[in-house]
Structures are given as structure tokens and as C-alpha cells.
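In what follows, a structure is listed as C-alpha cells, so that the remarks can point back to it.
Protein chains in written order, with full-length UniProt numbering: chain F, 1 to 253; chain V, 1 to 312.
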């Protein structure tokens, strides 16, 4: 195990984050605050409660998930895409490191960043609404797992992407709709029956539901199913990453 | 010099997805501590060979050992020994010079060593620029950074892929000083270059590659000797229309303007060069000489000759 290499990649990636710390943290904080103003205050004043929780508090887990997922993907995908784009990937390929070490460095850093952003958003939410977290450890576990699996997913996108447009397209076309339709801003039970069934095919539903359970003790789907979903997603991403390095897909000639 | 080569390439092949055969069974043994110049025209396979040995491209066939480690099955051991200075300048623009050099050391599995980082940066005149962002550096400075990154993990084998292409005189001089220093430490150096004078000045052995095949590997001195062939150009005071018949045996070539003749001779030949007799014969014909020039056949000519032969 080349621990020095993992540390070198991790430190390099974290430095990139801290170089633009204000921008990195400011934009999620501002957009979250806007969501609170629009959804929490304006709309929320007309919806008093969802399943016994004030609407303002109800959307907190979904908002955190929305930011964490998009940040994890964009950080991890950019982290590996940029070296390919400017050519510095030659150094990674010629170094005595294996795929696991490279992934650990890049994905570890992207997951750390998105975790930090998630925590900052949680703290920001604390200014707008009162809430107590019923299962803090489960909350942390869901958060960490989501950071990790979506960073892995972002890493795959970064390897696959051949230009900046492709880098943006998956988060924009796939993740954002899945998160918006995944129960970030409403409970599944509020939907018409047909949509309730269709929604169950959206994997993000399971993540948000499980995460919300850790806050309020109630969920749209059983918590075990949520855990299974996120474990399955992580497993698929890991297998894909392994395959990419085995075949050298889009990184080696 | 040890008997086992530090780099041993056996029948190495590389076929790209589009069917282009970049390496057609390359065999090459590189001795520990030598400087080997790899010469070849554009597209000959120089960069593909280096990239394959370094792990940037995967070979389609054959084997290669670096320090006894197979580049595929023992890639960790092989790559840890190798430093690579790529042809293209590729650096993270927003990172600082010193950080990118530290990064390379870590990536190659070495613990931090600030004294060594400083030494490498000073050696390449980068110490004053260590806190500059890479995008702020000139092209020559960026090349120095690439060399620093390749040296900072103390490689035993250094690949320099066209290191002086488009580089100023000062950097080229510094670079050859660094190379001399590394040679003194016993580092094996493989360089590709278009500047044949450089290969001539610095290499111990020369390998010529064309169309994915090694055409020749020879000690530079032997190669030069084998082709110890010189030319003498004589400028005439008055132009002539044809070489006089009495001078036929010298095999002179008359320039189209009739103002000079060229004579070929061999410094290693047993019968002398024939220059004295030629000049006497010219005088006997009443030809007045204006100037004379001699020229040694350069590696360039040898190289061009070999590549041409290979093409025929």
C-alpha cells in the first residue's frame, strides 16, 4: 500500500478546495438559504405540517442531500477530469500506485469536502428552523455513505467525460431531477397513487427517506431498504471503478 | 558495468485501437549508468516506447524489465525506479512550484524530504520561484519544474522525452549539467532528441528507431568511427564547365555553378587521404583555389542514411 501516494493525492485535492474555500462554501450556503426563504417561509407558511413536522424542518434533510450529492459529484468528477484535460494524468499513470490508492485519494478528498458542505448546511438550517435530530449516529452514517457513494459516482463521470459539457450533463440531467422528484420537498404520501409507485424506482427516494428518518423518526420507505439501496449503489460504483482501471477505459491508450 | 541490463525490452509490441502499429517487436538492453540517446523521426515510436515502459500506455505484446521488475506484473517496483520528463508541458496551473514537487515525491511513495526538495529546486534555479503558481512561470521554467518533479523521488532510471525541444540556451546548458551530475551518481538516462548534436555530445550509446523498429544500437564512438568519413570542398577562383579528365580518379563532384568541387575521403583509410596529391593535380591543371572547407560526417547524416535505408 502506497500510503504516501494516497496522502499526496488527498492533500493536493484538499488544497484545491481550500484555495477556493469561500466560493466552495458560499454557493451552497446561499442557495440553501434561498430554498429556506422560498420553500420554508413563503410556501411553508401555507402548509403547516407534514407528518407532524413543520414544513421548514421537513425540507432540511432533502436540502442537505441535494447539496451533498451535487457537490460530491462535481468535486470528484472535476478532480479526475482536470488532470486528464491538462495532461497531468501522465504522472498518476506512471506512478507506483494502484487504482485503489488513486480512488482513495480522489474520492476520499471529494467525500470530505461534501461532508464539510453538508455540515455547514446543517448549521445554516439551524438558523432558520428548530429541530432535534433523533438518530444522530444514523444521520452521520447516511451522510458519510452518501458523500462516499456519490463521490465515487462523480469519479466515474470524470473518467468518462471527454469534455466539460459531458462533465455537467449527468448532474444536470439525471441527479437534479432525481433529487427534486425524490421527496426533498414533499412526502411521497402526498403524491397520487400512480406517482407513488413510479417514485419507488427512483433510488434517491431511498436515500432521502432514510436520511429524513434519522432526523424525525419517520420515513417513506423502511430504513433497512434505504440502507440496502445506498450500499448497493456504493457497490455498483466500486465495481465500475474497478473495471475502469482494469481496462484502462478512457485513461490509458 | 554490470552484466544484467537495467532496462531490458523484449519483443515489445504496441498496436493502437485504430490498427496503427507503433512498436513492432522492440528489443533493447540498456546498461546501468549509461546515457542512451534514442533518435528517430517524428512518429518513429520514441514516445510510445517511453510511455509503455513508464506505464502510460499498455503494451499489446512482449515484455520489459526495469531493474529486474516486470513493467506489468511488478509495476510498483519498476515505476518506483523511473523518473519521466514528458515531452508535453502539463502542470496544474494554480498549484505552487514547491507543492507540485512535493506531490511528485509523495506519489512515488517517498516520505517527505524538504532538504532534497530544496536541493532539486536550487539545482534547477527554481528555488526563488518556489512560491509562484505554475501558471505564472515561463515555458522554460515550466520545463524545469517537470524535471524537478521527475528527479525528486531519486529515480535510478530517467527518461527525458525531447527535453530540449523549444528550450532556450541557458536552460539547455543547465539541463546538461544536471544530466552530467546524475551520470556521476550512476543514474541511467534515456533521452530522445531531435538535436543530433546533443546526442553526439552527451550520449554513450545511440539507438536509432524508425517505424516502430530499432534499426541500430551502437556505442557512439564506434558509430562515429565506422563512418569516419569527411568531405573537402574546394572553392575555385574561376568557374569551370567540367572536371578535367586528369582529375577523374578523385571522384570529384562539381557544383552546378562550376565554382566549387567536393572531394570525399576517409581519415581511417590506409592509403592516406589523397588531399596533397589532389591539390598538386589541381595546380597542375592551372586551377586557382579560393578557399577550402572540410566537414566531418555528422550523426545526422548517418541517421538520415539509416532511416532512408530502412525505408527502401
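Yeah, the Cβ is synthetic: ideal placement off N, Cα and C, and Gly gets one too.
- Only residues of its own chain outside the window of five on either side were considered, and among them 265 have a CB closer than 6 Å to the CB of residue 273(V), listed in chain order.
- DSSP places residue 112(V) outside both helix and strand once states are collapsed to three, so it counts as coil.
- In the DSSP annotation of this structure, the continuous segment of the alpha helix (DSSP H) that includes residue 75(F) starts and ends at 60-86.
- DSSP places residue 46(V) within a helical segment (H, G or I) once states are collapsed to three.
- Using a Cβ-Cβ distance cut-off of 8 Å, the stretch 43-57 of chain V and the stretch 18-29 of chain V are in contact, since at least three pairs of beta carbons, one from each stretch, lie closer than that value.
- The alpha-carbon of residue 12(V) is positioned some 28 Å away from that of residue 83(F).
- Residue state for residue 296(V) is assigned as strand, using DSSP reduced to three classes.
- Of all C-beta pairs linking the stretch 99-117 of chain F to the stretch 37-52 of chain F, fewer than three are shorter than 8 Å, placing the two stretches out of contact.
- Put simply, the CB of residue 44(V) is far from chain F, with every gap to its CB atoms at 7 Å or more.
- Residue contact check for residue 130(V) against chain F: no CB pair falls below 7 Å.
- In this structure, the CA atom of residue 212(V) is about 29 Å from the CA atom of residue 162(F).
- Within the stretch 105-178 of chain V, the complete beta strand (DSSP E) segments at least 3 residues long are 157-161, listed from N- to C-terminus.
- If you draw a straight line from the Cα of residue 301(V) to the Cα of residue 154(F), it is about 53 Å long.
- Nothing from the stretch 59-78 of chain F brings a Cβ to less than 8 Å from some Cβ of chain V.
- Proximity of residue 4(F) to chain V, defined by a Cβ-Cβ separation below 7 Å, is satisfied.
- DSSP places residue 37(F) in the helix class (H, G or I) of the three-state scheme.
- By DSSP's assignment, residue 213(V) forms a beta bridge with 210(V).
- Counting every other CB atom within 10 Å of its CB across the protein chains shown gives residue 213(F) a total of 16 or more, marking it as buried.
- Just measuring C-alpha positions, the residue of 93(V), 161(V), 215(V) sitting nearest residue 193(V) is 161(V).
- With a beta-carbon spacing of about 7 Å, residue 38(V) and residue 191(V) fall inside the 8 Å limit used to define contacts.
- The C-beta of residue 200(V) comes no closer than 7 Å to any C-beta of chain F.
- In the three-state reduction of the DSSP assignment, residue 144(F) falls in the helix class, which pools H, G and I.
- At a cut-off of 7 Å between beta-carbon atoms, residue 10(V) makes no contact with chain F.
- Annotation for residue 84(V): the continuous beta strand (DSSP E) segment containing it runs 82-85.
- Residue-level contact check: residue 105(F) does not touch chain V, since none of the beta carbons of chain V fall below 7 Å from its beta carbon.
- Only buried fits residue 220(V), as 16 or more other CB atoms lie within 10 angstroms of its CB.
- Judged by DSSP in its simplified three-state form, residue 18(V) adopts coil rather than helix or strand.
- At a cut-off of 7 Å between beta-carbon atoms, residue 56(V) makes contact with chain F.
- Using beta-carbon distances, residue 136(F) does not count as an interface residue toward chain V, since no partner is under 7 Å.
- Around residue 109(F), no beta-carbon contact reaches into chain V at under 8 Å, the shortest distance being about 13 Å.
- Burial state of residue 308(V) is exposed, judged by a 10 Å Cβ sphere holding fewer than 16 other Cβ atoms.
- Under the three-state reduction of DSSP, residue 113(F) is assigned to helix.
- The beta-carbon distance between residue 134(V) and residue 93(V), rounded to whole angstroms, is 6 Å. This is short enough to meet the 8 Å contact definition.
- Between residue 84(F) and chain V, the shortest Cβ-Cβ separation is not below 7 Å.
- Taking C-beta atoms as the reference points, residue 8(F) and residue 103(V) count as a pair closer than 7 Å.
- When secondary structure is reduced to three states using DSSP, residue 90(V) falls in the coil class, being assigned neither helix nor strand.
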